[in-house]
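In terms of the working numbering, the sequence shown opens at residue 11 and continues consecutively.
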Amino acid sequence: MLATNGVVITVNGSSRSKNAPRWLGPVAHSRAALIPPISAARWLLVLIVIASIYFFHGFVVPVLAALVIGFASWPLYRRMLRNIGGNTTIGATLAIIFIIAFLVVPIGIAISYTIGEVRDWVGWILEVNRNGEAVPAWIAALPGVGDWLTQQWDRYIGAPGAVGELIQIVSGANIGNIYRAVIAAGDGAFHLLLTLLFMLIALFFVYRDGASFTGQIDLLGERILPTRWERISRVVPATISSTVTGMTLIAIGEGIILGIAYWVAGVPSPVTLGVLTGVMALIPGGAPLSFTLVSIYLVASGSYLAGAGLFIWGSVELFIVDKTIRPRLVGGPIKLPFLPTFFGLVGGVKTMGFLGLFIGPVLMALVVSIWREWIREVRLADSTEIASADLATEEHDPPSPVIRKATSP
11 MLATNGVVIT VNGSSRSKNA PRWLGPVAHS RAALIPPISA ARWLLVLIVI
61 ASIYFFHGFV VPVLAALVIG FASWPLYRRM LRNIGGNTTI GATLAIIFII
111 AFLVVPIGIA ISYTIGEVRD WVGWILEVNR NGEAVPAWIA ALPGVGDWLT
161 QQWDRYIGAP GAVGELIQIV SGANIGNIYR AVIAAGDGAF HLLLTLLFML
211 IALFFVYRDG ASFTGQIDLL GERILPTRWE RISRVVPATI SSTVTGMTLI
261 AIGEGIILGI AYWVAGVPSP VTLGVLTGVM ALIPGGAPLS FTLVSIYLVA
311 SGSYLAGAGL FIWGSVELFI VDKTIRPRLV GGPIKLPFLP TFFGLVGGVK
361 TMGFLGLFIG PVLMALVVSI WREWIREVRL ADSTEIASAD LATEEHDPPS
411 PVIRKATSP
């Protein structure tokens, strides 16, 4: 019942005065919204994205790794899908099996051997710090610098406790703390295994639902960057594929091949040196520096034939990779400057750990590629403006007297 004079209002069997206070305040239907619906939806989307980053930032590294591997291997995956009839679930399962067999397992074996060898190195350093160590004969016999190196060895390594003092001066940390850090790094293998597991799970869904997700990204990209998205969407996958194939996979291959060469030449800790060579191969000129230093060590220690053979083998292998394999895989060498590559490598390791070795250079290559695209657009726009200005000047200016005389009958 509704009273015509506005005294009593009966709704659903309950009556109250029209002028009674409301819980949520008076209703004003004529007032405008404080925040427009579109702005409210946009701010709500931003808050949701921020909250998602806060709560799920621990999964950023494995998801990035999955996206990088998915972009790099997508052409091979599409070829495999055509051979199995286009079933994305079966194709994603087979792709994950191949990646585990040919990428994850070899890297895991190399890391386990490297951790064991590094622990042996640290144990030797602790023993030398406790009892001292005489200078090796091959260092003392070096021509020209042998005497100076012997003095430095006796000063910083030969005396008991000298290694600990040197580490304290260089790094500011105690040698016992460094040993415990190495042990903790070995015990952190479980965390790395968990990260790899999340990466493989994310990679499975990248393979299975990558096509539909790419269509959705293209739809949003056309709304955000309508004039640039088409070109950026072509540059990004090509850059990631070229970087991963031309830098990361080739660096892993060089580390394996040169690590085997180190083992054949009789170098101590060949697995660790092979891993270090693979990491250095990510930097331009890093692989030649690595096997050259190892060859110099072999020659200085008296293994002349092994040192010369290692240097020749490394030079031939590097020539074959740079002149035949790399251009065939990526269509030409990757023109990534040294400084972005170095920053990507160091920053990736510092921020993302071991997986940063692969993600850091890819992200830097992506930044450099987008930067080059913007510079190319600016130069193209400038040249277009200059050409338009020249054309307008030619249309408004009268012809010169020389041309008028030449064209007169």
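From the three backbone atoms N, C-alpha and C, an ideal C-beta is built for every residue, glycine too.
Going by the CB atoms, is the gap between residue j and residue i shorter than 8 Å?
{"i": "ALA8", "j": "GLU264", "result": "With the chain running from 11 to 419 in the structure shown, residue 8 is simply not present."}
{"i": "VAL71", "j": "MET290", "result": "no"}
{"i": "GLY168", "j": "ASN139", "result": "no"}
{"i": "GLY101", "j": "TYR272", "result": "no"}
{"i": "LEU207", "j": "LEU292", "result": "no"}
{"i": "SER313", "j": "GLY276", "result": "yes"}
{"i": "VAL78", "j": "ILE250", "result": "yes"}
{"i": "GLY288", "j": "ALA261", "result": "yes"}
{"i": "GLU383", "j": "ILE242", "result": "yes"}
{"i": "LEU210", "j": "ILE106", "result": "yes"}
{"i": "VAL274", "j": "THR124", "result": "no"}
{"i": "THR98", "j": "LEU91", "result": "yes"}
{"i": "PRO146", "j": "MET257", "result": "no"}
{"i": "ALA51", "j": "ILE369", "result": "no"}
{"i": "PRO170", "j": "GLY126", "result": "no"}
{"i": "GLY358", "j": "LEU367", "result": "yes"}
{"i": "VAL245", "j": "SER62", "result": "no"}
Apart from the five residues just before and just after residue i, which ones in its own chain have a Cβ nearer than 8 Å to its Cβ?
{"i": "GLY152", "result": "The question names Gly, but residue 152 in the sequence shown is Leu. These residues qualify, in order along the chain: LEU159 and ALA310."}
{"i": "PRO247", "result": "PHE81 and TRP84"}
{"i": "LEU235", "result": "ILE242"}
{"i": "PHE352", "result": "ILE293"}
{"i": "VAL59", "result": "none"}
{"i": "GLU387", "result": "ARG238"}
{"i": "ARG10", "result": "Since the first residue shown for the chain is 11 and the last is 419, residue 10 is missing from the structure and cannot be characterised."}
{"i": "ILE117", "result": "ILE262"}
{"i": "THR103", "result": "PHE214"}
{"i": "ARG89", "result": "none"}
{"i": "ILE306", "result": "GLY317"}
Can you tell me whether residue i is buried or exposed, with buried defined as 16 or more other CB within 10 angstroms of its CB?
{"i": "ILE385", "result": "exposed"}
{"i": "THR205", "result": "buried"}
{"i": "ALA144", "result": "exposed"}
{"i": "GLY16", "result": "Bear in mind that a pLDDT of 47 at GLY16, under 50, signals an unreliable position, so the number given afterwards is only what the model happens to contain. Per the 10 Å Cβ criterion, exposed."}
{"i": "PRO280", "result": "buried"}
{"i": "PHE200", "result": "exposed"}
{"i": "ALA150", "result": "exposed"}
{"i": "THR282", "result": "buried"}
{"i": "VAL115", "result": "exposed"}
{"i": "SER300", "result": "buried"}
{"i": "ARG336", "result": "buried"}
{"i": "VAL304", "result": "buried"}
{"i": "LEU57", "result": "exposed"}
{"i": "TYR87", "result": "buried"}
{"i": "PRO326", "result": "First, the residue type needs correcting, since residue 326 is Val and not Pro in the sequence shown. The residue in question, VAL326, is exposed, as its Cβ has fewer than 16 Cβ neighbours within 10 Å."}
{"i": "LEU308", "result": "buried"}
{"i": "VAL155", "result": "exposed"}
{"i": "GLY133", "result": "exposed"}
{"i": "GLY95", "result": "exposed"}
{"i": "THR334", "result": "exposed"}
{"i": "GLY295", "result": "exposed"}
{"i": "SER252", "result": "buried"}
{"i": "LEU268", "result": "buried"}
{"i": "GLY225", "result": "exposed"}
Please report whether the beta-carbon of residue i lies at a distance below 8 Å from any beta-carbon of chain C.
{"i": "PHE368", "result": "In summary, chain C is missing from the structure at hand, where a single protein chain is found."}
Ordered along the chain, which non-local residues of its own chain (more than five positions away) have a Cβ less than 7 Å from that of residue i?
{"i": "GLU232", "result": "TRP239"}
{"i": "ALA391", "result": "none"}
{"i": "TYR64", "result": "none"}
{"i": "ALA69", "result": "Looking at the sequence shown, residue 69 is not Ala but Phe. Cβ neighbours of PHE69 beyond the five flanking positions: PHE208."}
{"i": "LEU176", "result": "TYR166"}
{"i": "LEU328", "result": "ALA297 and PRO298"}
Kindly list the residues whose CB is nearer than 6 Å to the CB of residue i, restricted to its own chain and excluding five residues on each side of it in sequence; keep chain order.
{"i": "TRP131", "result": "none"}
{"i": "TRP163", "result": "VAL145"}
Touch test, the region 321-328 against the region 367-385, Cβ-Cβ under 8 Å, three pairs minimum: Touching, no, given that fewer than three Cβ pairs across the two stretches are closer than 8 Å.
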